[in-house]
Amino acid sequence: MNEAAWFDEARLTEAAADIGGELHALVSRLYPICRSITGAGVRDTLAILSEHVDIAVREVPSGTQVFDWTVPQEWTVRDAYICSASGKRVVDFARSNLHLVSYSAPVARRMPLSELRPHIHTLPDQPDLIPYRTSYYSRDWGFCMAHRDYLALEEGEYDVLIDSTLADGTLTYGEVFLPGATEREVLLTAHICHPSLANDNCSGLAVLTLLARVLAGRRNRFGYRFLFAPGTIGALCWLSGNEGRLDRIDHGLVVSCVGDGGGPVYKRSRRGDATIDRVMEAVRCAGRKATMLDFSPYGYDERQFCSPGFDLPVGLLQRSAFGTFPEYHTSADDLAFVRPEHLASSFRMIMDVVDVLETDWRPLNLSPKGEPQLGRRGLYSATGGHKTTSDITMAYLWVLNLADGGNSLLDMARRSGLPFSDIAHAAMRLRECGLLGEAQI
Ligand code: ZN
Numbered sequence: 389m390n391e392a393a394w395f396d397e398a399r400l401t402e403a404a405a406d407i408g409g410e411l412h413a414l415v416s417r418l419y420p421i422c423r424s425i426t427g428a429g430v431r432d433t434l435a436i437l438s439e440h441v442d443i444a445v446r447e448v449p450s451g452t453q454v455f456d457w458t459v460p461q462e463w464t465v466r467d468a469y470i471c472s473a474s475g476k477r478v479v480d481f482a483r484s485n486l487h488l489v490s491y492s493a494p495v496a497r498r499m500p501l502s503e504l505r506p507h508i509h510t511l512p513d514q515p516d517l518i519p520y521r522t523s524y525y526s527r528d529w530g531f532c533m534a535h536r537d538y539l540a541l542e543e544g545e546y547d548v549l550i551d552s553t554l555a556d557g558t559l560t561y562g563e564v565f566l567p568g569a570t571e572r573e574v575l576l577t578a579h580i581c582h583p584s585l586a587n588d589n590c591s592g593l594a595v596l597t598l599l600a601r602v603l604a605g606r607r608n609r610f611g612y613r614f615l616f617a618p619g620t621i622g623a624l625c626w627l628s629g630n631e632g633r634l635d636r637i638d639h640g641l642v643v644s645c646v647g648d649g650g651g652p653v654y655k656r657s658r659r660g661d662a663t664i665d666r667v668m669e670a671v672r673c674a675g676r677k678a679t680m681l682d683f684s685p686y687g688y689d690e691r692q693f694c695s696p697g698f699d700l701p702v703g704l705l706q707r708s709a710f711g712t713f714p715e716y717h718t719s720a721d722d723l724a725f726v727r728p729e730h731l732a733s734s735f736r737m738i739m740d741v742v743d744v745l746e747t748d749w750r751p752l753n754l755s756p757k758g759e760p761q762l763g764r765r766g767l768y769s770a771t772g773g774h775k776t777t778s779d780i781t782m783a784y785l786w787v788l789n790l791a792d793g794g795n796s797l798l799d800m801a802r803r804s805g806l807p808f809s810d811i812a813h814a815a816m817r818l819r820e821c822g823l824l825g826e827a828q829i
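Sequential numbering from 389 applies to the sequence shown in my numbering.
Below you can see the structure in the form of structure tokens.
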């Protein structure tokens, strides 16, 4: 490794540490907010994200029909607790917003424990953790608590209060569009509907927001559309409002759970062979290739984007896959679980995806009969006979060999096993030397 390369790497590491710290700070600000699929929590979250990039805030009225769904009433919560006869709050929404089942209807009653029990959710296998539960589409109410605390509840009467409102209002989502040099678009989206869950919500919001800030400061070939919408119903609202222009989307990623140290795990689009699916095979995160999963109709909003009526080229990127880590949908998915270095490596990986999309092209070898002589063009070591060939020499040879007009740089990276950046650099040098032109498609 020469000195210049070392210097660049050190600078990259330093920059990654900075972005990791900034990402974690943003996650920390978003974490305490009580988000749900509607309500003030989503607006408060978008207001914080708007400090970094201009976000268009869209409001969709309750009752609006979106495909087979109806936008629900807006949920507002002010307070919620379970109080024992001795006046002790045994469960208190003010201590953790996970204690309240999201979308709980209002309650203000004294009741015996026997009547309260069916409304309490716990995790017997993880007795110290509070689970995360919702009741969006059936009117109900409930509390979540640590199983250990639940077992300690004494028989008797309890005062139960849920000071909430379910009333006509709006569903809120945020959208950022950064125009590119062409009309083609890349869709990047994260859900915005979970309360205090750091990895499964705040990490995706933070990474995409700071990514939007970077992309807003440079010229791009593609337009970049960022969507911060409540799961399912928010994505459906956006799809419903943009149905006539979805054919502009060439590539898309749903981003979730990108703050832990696992993975990366990538779930392919429904198409399975979309460019984004191939790009995700070529990039790495913290030096690791992604575990590639085939599409399945369960998960995040790729379910909606990849429904057969749309079939968009959108995959799901995660570090640890949802449902596979013990912290998932519990109070252990907290600020200690997500780490700056993991947020930074996820950020870097998505930046690499963007760089591949932006810089991929299809070269044509203008001197295809035999190998062109690289040595006299300064592209080949003057002394022959080395036992091994350097990666950069191999990159020149692969590019020249595969540049028959049928392969893009991405195809070459996959077939050669070399990093996309090496292939792209080699192609640039070969083009400068007049050995490559751009293939006409
Ligand atoms: Zn979730």
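We put the CB at the ideal spot given by N, CA and C, even for glycine.
**OP:** Would you kindly work out how many angstroms separate the C-alpha atoms of residue 654 and residue 683, rounded to a whole number?
**Re:** 9 Å
Original post:
Taking the C-alpha atoms as reference points, what is the distance between residue 430 and residue 511?
Top reply: 27 Å
Original post:
How big is the Cα-Cα spacing for residue 824 and residue 600?
Top reply: 33 Å
Subject >> Backbone secondary structure at residue 558 - three-state DSSP >> reply: strand
Subject >> Simplified DSSP assignment, three categories, for residue 753 >> reply: strand
**OP:** Could you name the residues whose beta carbon sits closer than 6 Å to any heavy atom belonging to ligand 1, keeping them in chain order?
**Re:** 582, 588, 717
Subject >> Which of helix, strand or coil DSSP assigns to residue 529 >> reply: coil
Original post:
Between the C-alpha atoms of residue 607 and residue 815, what's the straight-line distance to the nearest angstrom?
Top reply: 21 Å
Original post:
Taking residue 826 as the reference, which of 543, 753, 768 has the closest Cα?
Top reply: 753
Original post:
If you draw a straight line from the C-alpha of residue 392 to the C-alpha of residue 781, how long is it?
Top reply: At residue 392, the pLDDT of 39 sits below 50, so the modelled position is not reliable and the matter cannot be decided from this model.
Subject >> Cα-Cα separation between residue 534 and residue 718, rounded to whole angstroms >> reply: 10 Å
Subject >> Contacting residues, own chain, Cβ-Cβ under 6 Å from residue 564 (five flanking each side not counted) >> reply: 441, 443, 600, 614
**OP:** Could you check how far apart the C-beta atoms of residue 531 and residue 488 are, in whole angstroms? I think they sit under 8 Å.
**Re:** 6 Å
Subject >> Inter-stretch contact at 8 Å, needing at least 3 Cβ pairs: the stretch 614-627 / the stretch 578-594 >> reply: yes
Original post:
Rounded to a whole number of angstroms, what is the C-alpha to C-alpha distance between residue 673 and residue 689?
Top reply: 22 Å
Subject >> Range covered by the alpha helix (DSSP H) that runs through residue 432 >> reply: 428-437
Subject >> Member of 702, 693, 725 whose CA lies at the smallest distance from the CA of residue 708 >> reply: 725
Original post:
Got a sec? Which residues, its chain only, sit under 8 Å from residue 701 by beta carbon, not counting five neighbours each side?
Top reply: 637, 638, 639, 640, 657, 659, 662, 663, 664, 665
**OP:** Given a cut-off of 8 Å, decide if residue 495 and residue 628 are closer than it, judged by their beta-carbon atoms.
**Re:** no
Original post:
Between the stretch 460-473 and the stretch 538-551, do at least 3 Cβ pairs fall closer than 8 Å?
Top reply: yes
Original post:
residue 336 and residue 548: beta carbons closer than 8 Å?
Top reply: Residue 336 falls outside the range modelled here, since the chain spans only 389 to 829, and no answer is possible.
Original post:
Do residue 671 and residue 744 have their CB atoms nearer than 8 Å?
Top reply: yes
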